[in-house]
Amino acid sequence: MKRSGMINRIKSLFVITASSLCCMLSLAACGEERIILTTGFEEGELFWLEGISCYKREYLVYLTNMQNQYELAFGEEIWQTQTGEGSLKDCVKRTALARLAKIKMMNLMATEKGITATKNEELLADKAAQNYFSSLSEEEIAAFDGITQEDIRDMYLDYAIAEDVYNSLTSDVRESEISDDAARTIVVEYIRSDSRSKAEAMLDQINEGTGFDELMMAENNGYEAIDTFCRGERDESVESVCFDLGENEVSDVVAASDGNYYIFRCINTKDRIETDKRRRELLQEKKDVKFNDAYDTFRQGKRCYLNQELLDSIDFVGGGEVDTSDFFDVYETTFLVSQ
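Per the numbering used here, numbering of the sequence shown is gapless, rising by one per residue and ending at 361.
Structure, rendered in structure tokens:
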């Protein structure tokens with residue numbers, strides 16, 4: 023199984039809200055879920071999940087790499103942004119914790135299912151850890167609570183095992199389950215008008231011999247108006263018409279939800295490249311659904327103790343001399359190159 027895109031696949035499973043975080047770090051009791059706040063942790067222990075511990079240093083690696091990635095893309099001013107659940111900074115802190123929690127939970131699944139790392143995965147984790155750790159400055163190691171190369175290696179191995187769990191649970195989801203019509207992507211040209219009567223007049227002109235291209239260019243300031251889409255991406259009124267068109271066939275006037283009126287001409291009833299891309303997307307969606315169902319069932323009743331006091335004390339340490347941002351990229355490239 024190729025590892026290409028595994029980081030993105032795992033990331034796609036971590037769309038976090040405050041409420042979903044509570045579910046992730048929870049103890050099921052009498053049918054209710056709650057976070058357990060307690061003392062008695064080891065030094066630097068952030069949470070404990072059924073015998074698996076997560077430490078402050080691991081969280082700092084995730085959090086700082088995410089912080090620096092945001093700042094590289096958007097600048098430090100990005101942290102002034104507010105979201106529906108508070109500041110972006112708080113959202114990133116929650117997401118980093120949730121990612122770690124899910125990786126740990128997936129490793130617990132691996133233990134119960136008898137899934138262990140292969141020798142090759144161990145060697146790749148060693149290589150990735152050496153590459154990443156050697157890139158860290160003394161300031162960064164100190165900022166990460168004195169993290170060691172062995173710690174980094176274990177974090178990469180956790181990721182690899184999480185991938186093995188995902189692949190094991192979704193291995194029976196086949197591309198053949200995705201019908202050709204479900205993935206079909208079409209290409210259309212269109213003429214748009216804010217007046218039904220004008221649109222109908224233009225359709226009459228087309229039926230009487232005026233070229234579709236001529237009217238389209240006139241209505242669109244000399245440019246071609248073209249759209250590529252698959253099922254579920256446009257109004258039902260638009261899709262029901264366009265997906266029934268043959269190649270070069272022109273539609274009747276279609277009223278859309280944007281208040282405009284359209285005449286469509288299909289120029290490709292199945293764009294092969296885009297259809298194949300959509301099929302892969304649908305396959306991934308089916309795999310994610312199957313995995314999430316299994317994951318949600320598995321985590322019910324699992325004990326997780328969160329060191330809230332320690333969590334509250336942790337802030338961003340990135341920026342300045344602590345500018346590392348490629349922890350996840352090193353994993354991806356190291357394991358991908360091995361394929």
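Positions of the beta carbon are idealized from the N, C-alpha and C atoms, including for glycine.
Because the structure is a prediction, the values reported are computed rather than measured.
Legend entry - C-alpha gap between Thr291 and Gln227, whole angstroms: 24 Å
Inset, instruction - Could you tell me if Asn90 is buried or exposed, where buried requires 16 or more neighbouring beta carbons within 10 angstroms of its beta carbon? - result: buried
Inset, instruction - Could you check the C-alpha separation between Cys44 and Arg116 for me, to the nearest Å? - result: Per-residue confidence for Cys44 stands at a pLDDT of 39, beneath the threshold of 50, marking its modelled position as unreliable; no derived number is given.
Legend entry - Limits of the unbroken alpha helix (DSSP H) element including Thr18: The requested residue 18 does not occur in the structure, where the chain is confined to residues 23 to 361.
Inset, instruction - On a CA-only basis, which of Tyr84, Leu119, Lys220, Ser201 is nearest Thr297? Give me that one, please. - result: Ser201
Inset, instruction - Mind reading off the beta-carbon distance from Thr346 to Ser157? Whole number of angstroms is fine, and I expect it under 8 Å. - result: 7 Å
Legend entry - At least three beta-carbon pairs within less than 8 Å, the region 299 to 314 to the region 276 to 290: no
Legend entry - C-beta contact flag for Thr355 and Lys149 at 7 Å: no
Legend entry - Complete runs of the alpha helix (DSSP H) confined to the region 123 to 211 [at least 4 residues]: 141 to 156, 160 to 165, 171 to 192, 202 to 205
Legend entry - Validate contact between the region 121 to 139 and the region 176 to 186 using beta carbons, cut 8 Å, 3 pairs: yes
Legend entry - Asp216 in three-state terms, based on DSSP: coil
Inset, instruction - Report all residues from its chain with a CB closer than 8 Å to the CB of Ala265; omit the five preceding and five following residues, and keep chain order. - result: According to the sequence shown, residue 265 is Phe rather than Ala. Result list for Phe265: Arg206, Ile208, Arg253, in chain order.
Legend entry - Straight-line gap, Phe69 to Asp334 (C-alpha atoms, nearest Å): 13 Å
Legend entry - Spatial neighbours of Leu332 in its chain, beta-carbon cut-off 8 Å, leaving aside the 5 residues before and after: Phe63, Gly66, Glu67, Leu68, Lys78
Inset, instruction - Might you give, ordered along the chain, the residues of its own chain that have their beta carbon closer than 8 Å to the beta carbon of Arg294, omitting 5 neighbours on each side? - result: none
Legend entry - Simplified DSSP state of Ala278, which is helix, strand or coil: coil
Legend entry - Among Ala123, Leu358, Asp280, Val260, the one whose alpha carbon lies nearest that of Asn329: Ala123
Legend entry - Three-state secondary structure assigned by DSSP to Leu85: helix
Inset, instruction - To the nearest angstrom, report how far apart Phe234 and Arg196 are at their CA atoms. - result: 42 Å
Legend entry - Pair within 7 Å by beta-carbon distance, Ala139 and Leu179: yes
Legend entry - Run of the beta strand (DSSP E) containing Ser75, from where it starts to where it stops: 74 to 77
Legend entry - Exposure label - Phe96; buried when at least 16 CB within 10 Å: exposed
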